[in-house]
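Chains A and B, in that order, give the protein sequences. Using the UniProt record's numbering, the letters of the first sequence map in sequence onto residues 1 to 289. Using the UniProt record's numbering, the letters of the second sequence map in sequence onto residues 1 to 390. All remarks here apply to the structure that follows.
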Amino acid sequence: MAHDLGFWTLQALNALQLSMLLFLLSIGLTVIFGLMHFVNLAHGSLYALGAYFAASLTAVGGYWMGFFLAPVVVAGIGILLYSGLIKRMRKSGPMAQVLVTFGLIFAMLDLTRIFWGDLALAIEVPALLDGRLAFLGVEYPTYRLFIIVMGLAIFGALAFVLGRTQIGAMIRAGVDNDAMAACLGINVERLFFMVFCFGCALAGLAGAVAAPLLSVTPDMGLQILIPTLIVIVIGGLGSLKGAVAGSLIYGFVQTFGAVLAPQLASVLIYALLAAVLVIKPVGLFPAKG
Amino acid sequence: MKRATLAALGLATSIAMPAAAEDIKVGLLLPFSGVYAALGNEIEAGFNLALEQFGGETDATFEIVREDTEVKPPVALGKAKKMILQDDVDVIAGIVSSGVLGAVRDMVHGAGVPLIVANAGNDEATGADCSPFITRMSFSNSQVNRPMGMWMHEQGIGKVYTLAPDYAAGRQMIDAFTASFTAAGGEVVGQEFTPFQKTQDFGPYLAQAKASGADAVYVFYAGGEAISFVKQYDSFGLKAELPLYGSGFLTSPLYVNAEGPAAEGVITALHYVPTIDSPANAAFADAFEAANGRVPSEFAVQGYDAARALIEATKTGASDRASLANALRSVKFEGPRGPLSIDPSTNNVIQPIYVYETVAGEDSLTQKVLAQLSAEADPVNGCEMAPVSN
Chain A
1 MAHDLGFWTL
11 QALNALQLSM
21 LLFLLSIGLT
31 VIFGLMHFVN
41 LAHGSLYALG
51 AYFAASLTAV
61 GGYWMGFFLA
71 PVVVAGIGIL
81 LYSGLIKRMR
91 KSGPMAQVLV
101 TFGLIFAMLD
111 LTRIFWGDLA
121 LAIEVPALLD
131 GRLAFLGVEY
141 PTYRLFIIVM
151 GLAIFGALAF
161 VLGRTQIGAM
171 IRAGVDNDAM
181 AACLGINVER
191 LFFMVFCFGC
201 ALAGLAGAVA
211 APLLSVTPDM
221 GLQILIPTLI
231 VIVIGGLGSL
241 KGAVAGSLIY
251 GFVQTFGAVL
261 APQLASVLIY
271 ALLAAVLVIK
281 PVGLFPAKG
Chain B
1 MKRATLAALG
11 LATSIAMPAA
21 AEDIKVGLLL
31 PFSGVYAALG
41 NEIEAGFNLA
51 LEQFGGETDA
61 TFEIVREDTE
71 VKPPVALGKA
81 KKMILQDDVD
91 VIAGIVSSGV
101 LGAVRDMVHG
111 AGVPLIVANA
121 GNDEATGADC
131 SPFITRMSFS
141 NSQVNRPMGM
151 WMHEQGIGKV
161 YTLAPDYAAG
171 RQMIDAFTAS
181 FTAAGGEVVG
191 QEFTPFQKTQ
201 DFGPYLAQAK
211 ASGADAVYVF
221 YAGGEAISFV
231 KQYDSFGLKA
241 ELPLYGSGFL
251 TSPLYVNAEG
261 PAAEGVITAL
271 HYVPTIDSPA
281 NAAFADAFEA
291 ANGRVPSEFA
301 VQGYDAARAL
311 IEATKTGASD
321 RASLANALRS
331 VKFEGPRGPL
341 SIDPSTNNVI
351 QPIYVYETVA
361 GEDSLTQKVL
371 AQLSAEADPV
381 NGCEMAPVSN
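Written out as structure tokens, the structure is:
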């Protein structure tokens, strides 16, 4: 099948849009992981919760209410999780952490099922972002462009905060060597708490943003978890650059894999993951050099 | 509560006819958790409604044992064993996933327990793997899609691009459509199977469909995937230039409201639509809506007719496993879907197929029936049916 330039532009935009959605999820997870060596497998569940809260809030006060409030609510749940569970688990080994957060996935799955039912929900795209824009010679859904722009904006803001501000320096110091950072007078535990809540809020935002595009189902958190983990393993733990690179690689491999080698589409990304693990086990851009 | 109503129902009938009351133990094997939990609940609601409406027509009383398959074949097999060996049920009804049906098939066949399939559409279950003990009251994958190939060609559509999830049901549905569409003279210009339950973004496939030069797109998706697909199809603005057709599960009343305006104008075919204009359907749809607060879906009617078939079978006096199996095979009645009968050579239901368009109603989306395609029996597909001896 011969395709014109417009076709490839369209696919590149599709890939970029998927990458940005994954970026929102993986950045929170990877910094939590890098900063405190804490494996939070329940991150995907927070994404699902974000989508559900967005759906409920949208029904009450329109799309933008869900968009702005869902991340706040999910951050609140993050605070509860932190003080109730994660603080206690900080000193136990990674195996116990994985088991607890893995169990949490199923507990949250059933909680969403009890509160919101088994039927899939959906949100309408707000009128402002409905329709399509002519862009680079193709017509592309405005809402998808919105996701791309928002992902890039959040990337820019995070790059600025992490690279140019004092709090960013503290986080980088904590990721690099938390014991030394603590000796220098940085309250690493409080830093972790803040980063954890912010990571949760970003997961909630990702859920709220994904909800009009996909359907809101109880198992959406489980479905997104594996791609997110692949992103941070490919990109390298704990770094912003790694999360961006991993997301872009995942988005483009997945999208162009589906176009060029549909039979291999679901295998390609795992093959790439295996290759990265063999050639560079720490990932492409790990935080610790 | 449900037990209480059933008990009361049983009491009422036993007072009326004290001599002949037979107690029939029914195992309801459905997913109440997992991805198909919504379907399990819908089928159960339909099943209970039929027992309420028609339970008085038979002398038999029904005791329900309900088990959750969790949509996991090994779990379902364990539950089926428990029903057959420990609960000693006379008949099993339910089964949503074809994987689960495949897992329990040999168990029920070997034990000689009649099974009324209330969803799972795998062609083989009433083909090469058919059993005199397994009667399907729902549909077969090809039955729903085959008539649509001819109908679409009659509408003047020459070239079609197809999409479906990459698993047995997706392939059977699309293969049946492709076979009849090409036999009628149409051409399938492109075909893609997306990774099942792993595809959330259909963008890459939609761009390909657009570039394929097809007149229309024919798809099968269900549940969450259907919602994502229909919304994304509309967001790319494809509906106007490339009309969307499909297997009717795509716009099932169970989740069409989640799809919203994106579903308007989508034309699909299915064995049941809640707006079928008949007294039997009106009685069913009104009662279902009154009890559950929503329009019944094809899954609800499958549960409803499964219970109805059981009641019809007991009316012939059948009460044990072998006689029930025999009676179920010759069940015949007029239901919400129209006239139903069982094909003696495969034990699959014979039913009309409805082509419908999803349109905007007064306050929510509704279904406009465009055509009723005549009931046809599936080809035998290698089924050799051994008779059941009493």
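Positions of the beta carbon are idealized from the N, C-alpha and C atoms, including for glycine. Note that the structure is predicted; figures quoted are calculated from it, not measured.
- Assignment of beta-bridge partners to residue 244 of chain B by DSSP yields B/217.
- Relative to the Cα of residue 273 of chain B, the nearest Cα in the group B/37, B/90, B/295, B/223 belongs to B/295.
- Scanning chain B for C-beta atoms nearer than 9 Å to the C-beta of residue 3 of chain A yields 207, 208, 211, reported in chain order.
- In the structure shown, residue 198 of chain B falls within a coil segment according to DSSP collapsed to helix, strand and coil.
- Fewer than three beta-carbon pairs drawn from the stretch 71 to 89 of chain A and the stretch 225 to 237 of chain A are found closer than 8 Å, and the two stretches are therefore not classed as touching.
- Contact check for residue 50 of chain B against residue 329 of chain B fails: the beta carbons are separated by 7 Å or more.
- For residue 27 of chain B, the enclosing beta strand (DSSP E) starts and ends at 23 to 30.
- At least 7 Å separates the CB of residue 86 of chain B from every CB of chain A.
- The C-beta distance from residue 123 of chain A to residue 41 of chain A rounds to 26 Å, too long to meet the 8 Å contact threshold.
- When C-beta distances to chain B are compared with 8 Å, the residues of the stretch 18 to 52 of chain A below that value are 18, in chain order.
- Runs of the alpha helix (DSSP H) spanning 4 or more residues and lying entirely within the stretch 77 to 131 of chain A occur at 94 to 116, in chain order.
- One finds nothing in chain B with a Cβ atom closer than 9 Å to the Cβ of residue 229 of chain A; even the nearest lies about 14 Å away.
- Exclusion of the five residues before and after residue 70 of chain B leaves 31, 33, 34 as the residues of its chain whose Cβ lies within less than 7 Å of its Cβ.
- Spanning the alpha carbons of residue 155 of chain B and residue 178 of chain B requires a straight line of approximately 16 Å.
- Taking one beta carbon from each stretch, the stretch 118 to 128 of chain B and the stretch 138 to 146 of chain B have 3 or more pairs nearer than 8 Å; the two touch.
- By the criterion of at least three beta-carbon pairs nearer than 8 Å, the stretch 44 to 54 of chain A is in contact with the stretch 196 to 216 of chain A.
- Checking the DSSP bridge columns, you'll see residue 356 of chain B partnered with B/268, B/369.
- Sequence-distant Cβ neighbours of residue 82 of chain A in its own chain, meaning closer than 8 Å and more than five residues away, are 193, 196, 197.
- For residue 352 of chain B, the CB contacts under 8 Å within the same chain, skipping 5 residues up- and downstream, are 271, 337, 338, 339, 372, 373, 374, 375 in chain order.
- Interface residue (Cβ-Cβ distance to chain A less than 7 Å): residue 239 of chain B is not classified as such.
- Per DSSP, the continuous beta strand (DSSP E) segment holding residue 64 of chain B begins and ends at 61 to 68.
- Judged by DSSP secondary structure, residue 273 of chain A falls outside any beta strand (DSSP E) and instead within the alpha helix (DSSP H) spanning 265 to 279.
- Between the stretch 217 to 236 of chain B and the stretch 89 to 102 of chain B there are fewer than three C-beta pairs closer than 8 Å, too few to call the two in contact.
- For the C-beta of residue 200 of chain B, the chain A residues within less than 7 Å are, from N- to C-terminus, 214, 223.
- DSSP places residue 190 of chain A within a helical segment (H, G or I) once states are collapsed to three.
- At least one C-beta of chain B is nearer than 7 Å to the C-beta of residue 122 of chain A.
- Residue nearest to residue 261 of chain A within the set B/283, B/61, B/194, B/83 is B/194 (criterion: CA-CA distance).
- Taking the C-beta atoms as reference points, residue 109 of chain B is found nearer than 7 Å to residue 133 of chain B.
- In terms of beta-carbon proximity, residue 235 of chain B lines the interface with chain A, with at least one pair separated by less than 7 Å.
- Between the beta-carbon of residue 190 of chain B and that of residue 157 of chain B there is about 14 Å, and that puts the pair past the 8 Å contact cut.
- About 5 Å separates the beta carbons of residue 216 of chain B and residue 160 of chain B, which is inside the 8 Å limit, making them a contact pair.
- Interface with chain A (7 Å Cβ-Cβ cutoff): residue 195 of chain B is included.
- With a threshold of 16 other beta carbon atoms within 10 Å, residue 281 of chain A falls short and is exposed.
- Within the stretch 40 to 72 of chain B, the residues whose Cβ lies closer than 7 Å to any Cβ of chain A are, in chain order, 41.
- Judged by beta-carbon spacing, residue 204 of chain B lies beyond the 7 Å limit of residue 179 of chain A, meaning their Cβ atoms are not closer than that value.
- In chain order, 119 make up the part of chain A whose C-beta sits under 8 Å from the C-beta of residue 254 of chain B.
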